[in-house]
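Undergrad: My questions will all concern the structure given below.
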Amino acid sequence: FAGVDNRLMALQLVEQDLTEAAMFTADGEAVQWGEVLYKKPVLVQRGSYRPLTNPMLDMLERAQEQFVREESLQGEPPIVILEMTLRQLQVGNTIDHRDFLDRVDMLGALGKPVLLSNFLRYHRLVSYLSRYTQKPIGLPLGVVRLRDIFDEKFYTDLPGGLMESLGQMFRQGVKLYIYPSLDRSGALTTVGNLEVAPHLRHLYAHVVENRFVEDIRNYNRDFLPIYSGDVLQKIQAGDAAWEKLVPTSIADVIRAKGLFGRKGQPK
Numbered sequence: 310f311a312g313v314d315n316r317l318m319a320l321q322l323v324e325q326d327l328t329e330a331a332m333f334t335a336d337g338e339a340v341q342w343g344e345v346l347y348k349k350p351v352l353v354q355r356g357s358y359r360p361l362t363n364p365m366l367d368m369l370e371r372a373q374e375q376f377v378r379e380e381s382l383q384g385e386p387p388i389v390i391l392e393m394t395l396r397q398l399q400v401g402n403t404i405d406h407r408d409f410l411d412r413v414d415m416l417g418a419l420g421k422p423v424l425l426s427n428f429l430r431y432h433r434l435v436s437y438l439s440r441y442t443q444k445p446i447g448l449p450l451g452v453v454r455l456r457d458i459f460d461e462k463f464y465t466d467l468p469g470g471l472m473e474s475l476g477q478m479f480r481q482g483v484k485l486y487i488y489p490s491l492d493r494s495g496a497l498t499t500v501g502n503l504e505v506a507p508h509l510r511h512l513y514a515h516v517v518e519n520r521f522v523e524d525i526r527n528y529n530r531d532f533l534p535i536y537s538g539d540v541l542q543k544i545q546a547g548d549a550a551w552e553k554l555v556p557t558s559i560a561d562v563i564r565a566k567g568l569f570g571r572k573g574q575p576k
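And the structure:
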């Protein structure tokens with residue numbers, strides 16, 4: 310239909326609970342899951358992308374480098390997808406359509422499909438992907454998200470609790486690639502020193518020992534102090550320092566289209 314933005318239509322389908330997920334290309338064209346994923350290995354990165362920063366892209370690229378070397382891929386290149394959940398799209402308690410389109414316009418610069426979903430937990434995302442492909446699935450994520458995965462309070466509604474979630478997530482061929490975290494005091498957290506509840510330490514050790522989880526290597530340590538919230542504040546305040554905190558292609562789009570409330574006129 311003339312004048313209808315398919316990206317907003319995809320958002321409405323998920324927001325109105327008419328579908329669990331919707332996908333569109335970097336150009337904003339809706340696509341069928343099966344067409345993109347069928348019998349393909351998949352690397353999918355979840356984020357709020359407000360905006361996409363240097364560490365986010367570094368995490369994706371370094372994870373992809375490790376993923377393609379997995380023997381189970383047999384040299385087959387993976388489909389790389391950027392995912393946002395409805396919760397990550399919320400600003401306050403609502404989803405701002407302009408803010409959503411700003412994020413999507415920005416992500417288009419990377420040339421990868423974008424997935425909108427209502428999968429709050431990672432095991433639900435894995436289960437859905439597995440409907441369309443039996444090939445390996447890789448998930449790059451920050452070490453803080455890994456801590457959440459091993460937090461039992463998030464699974465009180467599941468009959469099997471944390472164990473049920475892990476059983477669904479770490480099925481054949483699924484691996485998490487973990488990007489380290491540097492807190493504001495300078496302490497570095499990795500897979501090796503992440504603290505989990507004492508009664509879960511053996512379970513966590515089992516997951517690590519069996520390589521369901523592994524550290525992302527060759528990351529850029531200079532990127533670790535960059536936080537999305539700080540970058541967004543600089544963009545909205547007109548502080549040009551933000552331009553060096555995001556990938557060049559992303560900075561170009563934000564400037565050209567005046568995204569995220571950027572101060573000044575688009576160039």
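Numbering (the working numbering), first residue to last: 310 to 576. Where a beta carbon is used, it is the ideal one built from N, C-alpha and C, also for glycine.
1. One question on the structure: do R480 and V435 come within less than 8 Å of each other, judged by their Cβ atoms?
2. Give the straight-line distance between the Cα atoms of L503 and K566, rounded to the nearest whole angstrom.
3. Thinking just about the alpha-carbon of each residue, which of L366, P449 and G337 is nearest to the one in I559?
4. Using the Cα positions of G312 and V340, report the straight-line distance between them to the nearest angstrom.
5. Buried or exposed, going by whether 16 or more other CB atoms sit within 10 Å of the CB of L450?
6. Taking the runs of the beta strand (DSSP E) that are 3 residues or longer, which of them lie wholly in the segment 401-481?
7. Work out the CA separation of P507 and N402 for me, nearest whole Å.
8. With 16 as the cutoff for other CB atoms within 10 Å, does A546 come out buried or exposed?
9. Given a cut-off of 8 Å on the beta-carbon distance, is the pair A330 and I525 in contact?
10. On the three-state DSSP scale, how would you describe A331?
11. Let's see if you can read the secondary structure: which residues bound the beta strand (DSSP E) around I388?
12. Tell me, which residues are paired with K484 by DSSP?
13. In three-state terms, what does DSSP make of Q375?
14. Run through DSSP, which three-state label would Q321 get?
15. Quick one: residues in its chain with C-beta nearer than 6 Å to the C-beta of Q321, no 5 flanking neighbours on either side, listed in chain order?
16. Quick one: is K444 buried, meaning 16 or more other Cβ sit within 10 Å of its Cβ, or exposed?
17. Taking the alpha-carbon positions, what's the N363 to A496 distance?
18. Work out the CA separation of E523 and V516 for me, nearest whole Å.
19. Taking a contact to mean a Cβ-Cβ separation below 8 Å, would you say L554 touches L491 in this structure?
20. Would you tell me roughly how many angstroms separate the C-alpha atoms of R476 and D548, rounded to the nearest one?
TA: Taking the definition as stated:
1. Within the sequence shown, the letter at position 171 stands for residue 480. Within the sequence shown, the letter at position 126 stands for residue 435. Cβ distance < 8 Å, so R480 and V435 count as in contact.
2. To locate residue 503, count along the sequence shown from 1; it is residue 194. To locate residue 566, count along the sequence shown from 1; it is residue 257. Roughly 40 Å between the two C-alpha positions.
3. For the purposes of this step, residue 559 is identified with residue 250 of the sequence shown, where counting begins at 1. For I559, the nearest C-alpha among the options comes from L366.
4. As a working note, residue 312 is residue 3 in the sequence shown. As a working note, residue 340 is residue 31 in the sequence shown. Going by the C-alpha atoms only, they are around 19 Å apart.
5. Here residue 450 corresponds to residue number 141 of the sequence shown, with the count starting at 1. It is buried - the Cβ of L450 has at least 16 other Cβ atoms within 10 Å.
6. Counting whole runs of 3 or more residues, the segment 401-481 contains the beta strand (DSSP E) stretches 423-426 and 446-451.
7. Translated into the one-based positions of the sequence shown, residue 402 becomes position 93. Translated into the one-based positions of the sequence shown, residue 507 becomes position 198. Using only the alpha carbons, I get a separation of about 35 Å.
8. If you number the sequence shown from 1, residue 546 lands on position 237. Flag for A546 reads exposed.
9. Within the sequence shown, residue 330 is the residue found at index 21, counting from 1. Within the sequence shown, residue 525 is the residue found at index 216, counting from 1. No, they are not a contact pair.
10. Along the sequence shown, one-based indexing puts residue 331 at 22. A331 falls in the strand class under three-state DSSP.
11. Position 79 of the sequence shown, counting from 1, holds the residue named residue 388. I388 to T394 is the span of the beta strand (DSSP E), which, as asked, contains I388.
12. Taking the first residue of the sequence shown as 1, we reach residue 484 at position 175. Its beta-bridge partners are G447.
13. Counted from its first residue, the sequence shown places residue 375 at position 66. Three-state result, Q375: helix.
14. As a working note, residue 321 is residue 12 in the sequence shown. Reduced to three states, the DSSP call for Q321 is helix.
15. In the sequence shown, residue 321 corresponds to position 12, counting from 1. Closer than 6 Å at Cβ, skipping near neighbours: no residue.
16. Locating residue 444 in the sequence shown gives position 135, where the first residue counts as 1. The C-beta of K444 has 16 or more other C-beta atoms within 10 Å across all chains shown, which makes the residue buried.
17. Position 54 of the sequence shown, counted from the start, is the residue given in the question as residue 363. Position 187 of the sequence shown, counted from the start, is the residue given in the question as residue 496. In this model, N363 and A496 are separated by some 20 Å (Cα to Cα).
18. Reading the sequence shown from its first residue, position 207 is the one you call residue 516. Reading the sequence shown from its first residue, position 214 is the one you call residue 523. Their Cα atoms are separated by approximately 9 Å.
19. Reading the sequence shown from its first residue, position 245 is the one you call residue 554. Reading the sequence shown from its first residue, position 182 is the one you call residue 491. Not in contact: L554 and L491 (Cβ atoms no closer than 8 Å).
20. Indexing the sequence shown from 1 puts residue 476 at position 167. Indexing the sequence shown from 1 puts residue 548 at position 239. According to the sequence as given, residue 476 is Gly; it is not Arg. Answer to the nearest angstrom: the Cα atoms are 46 Å apart.
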